[in-house]
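Chains as they are written, first to last, in numbering that gives the first Met the number 0: chain A, 0 to 287; chain B, 0 to 235. Here a beta-carbon is modelled for each residue, glycine too, at the ideal position from N, C-alpha and C. These notes are about the structure you will find just below.
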Amino acid sequence: MDLFINLFINGLATGMLIFLLASGLTLIFGLMDVLNFAHGGLFVWGAYSGIFAYTWSGSFIVGILGAIVTGFVLGWVTEKLIITPVYGNHVQQILITLGFMLVLSELIKVVFGPNGIPVEVPSYLAGSWEFGEVILIKYRIFIIFIGFVIFGIFQYVLKKTKIGLIVRAGVMDKEMVQVLGINIKRVFLFVFMTGSAMAAFGGMLMAPYSGVIYAEMGMEYAILGFIVVVIGGMGSFSGSLMAAILVGLAGSFMAYYVPYLSLAVNMILMAIVLIFRPQGLFTNAKEG
Amino acid sequence: MMNSLLKLDQLQTHIGQYHILQGIQFEAIEGEVSVLLGRNGAGKTTTLKTIIGLTPASHGKVMFEGQEITKRKTYDIANLGIGYVPEDQGIFKGLTVEENMKVAIRKETDEVCEKQAYILELFPDLKKFWKKAGGHLSGGQKQMLSMARAFVNDSKLLLIDEPSKGLAPIVVEKVMEAITEMKKKTTIILVEQNFIMASRIGDTYTLIDDGKTVHSGSMAELIGDEELKRKYLGIG
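Structure below.
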C-alpha cells in the first residue's frame, strides 16, 4: 500500500506537469486547428528563463513570473511570425513549427550554454513528510496542488466569463463566432499566448522536479503533450487533465513494475485510443 | 420615403474555381422583407454569405447605409448591425441557450436587455429551455435561438437563410409569426424555398437564376404572375 501511494503521488505530479503543457496545446489545437510542435520550445524557454530569474532574484515566485512573461512574449512572436502564414495548412504547420522548435532549442544553447543546468528545489518546498512508510515529497504535493488550482482557474474562466464562452464557442464553430461580431483572430492570439504561457509555467515547475534542465527537454515533453491531447480529446480541457493524469500514472507504475515498457506505454495508450475511440476518451468540447 | 438600406451592384463571387455569383443586382428597403427566390444552387445562400463577408465578392459592390462594405471582415460587417441566421442555424451545441445568447450580446445595455426580454416573449421555448444545451434543442428551437442571437443586438438588417427548412408545418407557422413580428423592428432579407411562406411575409422579391438576378419587384406582382413562377420556381 505504501509503495502504491508513493507511485501514485509520483505519477500524479508528473501528470500535472504534463497537463500544464497539454492544456495550452489542446486549446491551440482545438480552437485554432494548429499543430504547434514549437510548444515544447516554449516549455524549455520557460524553464530556462524562469530559473534564470529565480537565480538572479533568489525568489522562486519571481522565477515563475519570469517564465510566464517569457511564455506570453514568445507566444506572441510565434503566432505572429510562424503561425499566421500557415493557418489552415497542417503539413506546413508541422514543418515550420518543428523547425522553430529546433531554433528555440538551439537558441537555448547559444544564450545559456550547451550543458544542462542543475536546479534545486526552493528551501521551503524541499524535503518530505513521512507517514510511516509513506513518504510525501513536498515539491510533488506542491505541483499537484498547483495543477488543480490552474485547472480550477481555467474551468472558471472557460465556463463563467465572456472570453471563456467565446473561446468555447470558437472551438465549436469559428465562422459563427465571427458572424456574431467577434474578431476571432484576436481571440486566437490571446489563446495562443495563454497556451504558451502555460507551457512556460510548466517548464519552470518541471525544472526543480527533474533536477536538471537541458535544451532537448522541450521535444520530449511536447510529444507527451500531444499524446495527452489525443487521448483526452481535442479541445477538451477536462479531457486533458484526465489524460495527463492517466499518462503520468501509467508512466510511474510501469517504470516500477515493467520498466522495459515504461517508455512505450504512452504510445500504446495513444494507439489503443486511436483505434477504439479516435475522438478521445473524455468529453469533447465540440460536442459539449 | 423609401430608404435603401442595402444595395448589391453587379455582385460576383468565386468559390475556389467556381463562379457562383455572376451579377447580382439587389436592393433592400428599410422596414421591408425582401425575399430571394430561385431554384436550388441558384446562388441565394452565397448572396447572403457574400453580404456578411463569409465568401468575399470578387467583383461588384455591397453598399450598406451608403458605405461600401465589400472588402470588410465578417466581424466588422456584423458590428455595423447586420445579423445572419445561417441555413444550418450555427448553434453552439455545447453551450446552453443562455450561453449562446451571452456570446451573441456585444454590450449589455438596457436596450439590449429589453430586446432580449422581447425575444423571449416572442420565443417562449427559449425561456423554458434557458439552461439546456443548444445541441439538445429541437430543429424549431434551434431556429428560434439562431434568430434570437442575430436579432438581440442593434441589428438594422437580418439575413435569414431558409428558416422553414426541415421543420414541421406547425413550427413553420410559429417561425413565420416571429418573422412577421420582427419585421416591425428591423429590415429582413429572407432566402426561402417555401413559396407560400415567402409570399405571405415578403414585401418584395428578387429572382436569382444561375448566379444572376433575373427579375425583381413587389411580391403582389409575383403572386399574380403564373408564367414567372412556372419558369423560375417550377410552381403552377
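Could you name the residues of chain A that I68(B) contacts, counting a contact when the two beta carbons are closer than 8 Å? Within chain A, no residue comes near I68(B); the closest Cβ sits about 13 Å away, beyond 8 Å.
Between which two residues does the beta strand (DSSP E) holding L103(A) run? Per DSSP, L103(A) belongs to no beta strand (DSSP E); it is in the alpha helix (DSSP H), H89 to F111.
Report all residues from its chain with a CB closer than 7 Å to the CB of F128(B); omit the five preceding and five following residues, and keep chain order. V96, L136 and Q140
Hey, how far is the Cα of M266(A) from the Cα of V170(A)? 26 Å
When T25(A), I134(A) and A196(A) are compared against S297(A), the one with the closest alpha-carbon: Past the boundaries of the shown model lies residue 297(A); chain A is included only from 0 to 287, so the question cannot be answered.
In chain order, each alpha helix (DSSP H) run of at least 4 residues that lies wholly inside the region 219-261 of chain A: 236-256
I'd like the span of the beta strand (DSSP E) that includes F63(B), first residue to last. H58 to F63
Can you find a C-beta in chain A that's less than 9 Å from the C-beta of G93(B)? yes
Following the continuous beta strand (DSSP E) through L4(B), name the residue where it begins and the one where it ends. S3 to I14
Residues bridged to L157(B) by DSSP? G82(B) and I187(B)
So what does D208(B) bridge to, in DSSP terms? K211(B)
Can you confirm whether the region 187-202 of chain A touches the region 100-115 of chain A when touching is taken to mean that 3 or more C-beta pairs between the two stretches lie within less than 8 Å? no
Start and end residues, beta strand (DSSP E) containing G22(B): Y17 to I28
Leaving aside the five residues before and after P162(B) along the sequence, list all residues of the same chain whose C-beta is less than 6 Å from its C-beta, in chain order. Q142 and V174
Should G138(B) go down as buried or exposed, given a rule of 16 or more other Cβ atoms within 10 Å for buried? exposed
What are the partner residues of E67(B), as DSSP defines its beta bridges? M62(B)
For the 8 Å Cβ check, are there 3 or more pairs between the region 63-80 of chain A and the region 179-199 of chain A? yes
Note the first and the last residue of the continuous beta strand (DSSP E) segment covering S127(A). S127 to F130
Taking C-beta pairs closer than 7 Å, name the residues in chain B that R167(A) reaches, listed in chain order. G93 and L94
Beta-ladder partner(s) of T203(B), from DSSP: S33(B) and S217(B)
Which of the three DSSP states is assigned to I234(B) in this structure? coil
For E132(A), decide whether its Cβ has a neighbour in chain B, counting only Cβ atoms nearer than 9 Å. no
Determine, for T108(B), whether the minimum Cβ-Cβ distance to residues of chain A falls below 9 Å. no
Quick test of your reading: A270(A) and I142(A), contact by CB under 8 Å. State the CB separation rounded to the nearest angstrom. At roughly 28 Å, the Cβ-Cβ gap does not stay under 8 Å, so A270(A) and I142(A) are not in contact.
Given this structure, state the Cα-to-Cα distance separating K70(B) from P55(B), to the nearest angstrom. 7 Å
In this structure, does DSSP put T95(B) in helix, strand or coil? strand
Listed in chain order, which residues of the region 176-197 of chain A have Cβ atoms closer than 8 Å to some Cβ of chain B? V176, Q177, V178, L179, G180, I181, N182 and I183
By the 10 Å Cβ neighbour count, where 16 or more other Cβ atoms means buried, how is E191(B) classified, buried or exposed? buried
beta-carbon H38(A) near the ligand MG non-hydrogen atom, thresh 8 Å: In the structure on display, the ligand MG does not appear, and there are no ligands present to speak of.
With 9 Å set as the bound, which would you pick, yes or no: does the beta-carbon of R71(B) sit closer than that to a beta-carbon of chain A? no
Is the distance from the Cβ of N35(A) to the Cβ of T83(A) below 9 Å? no
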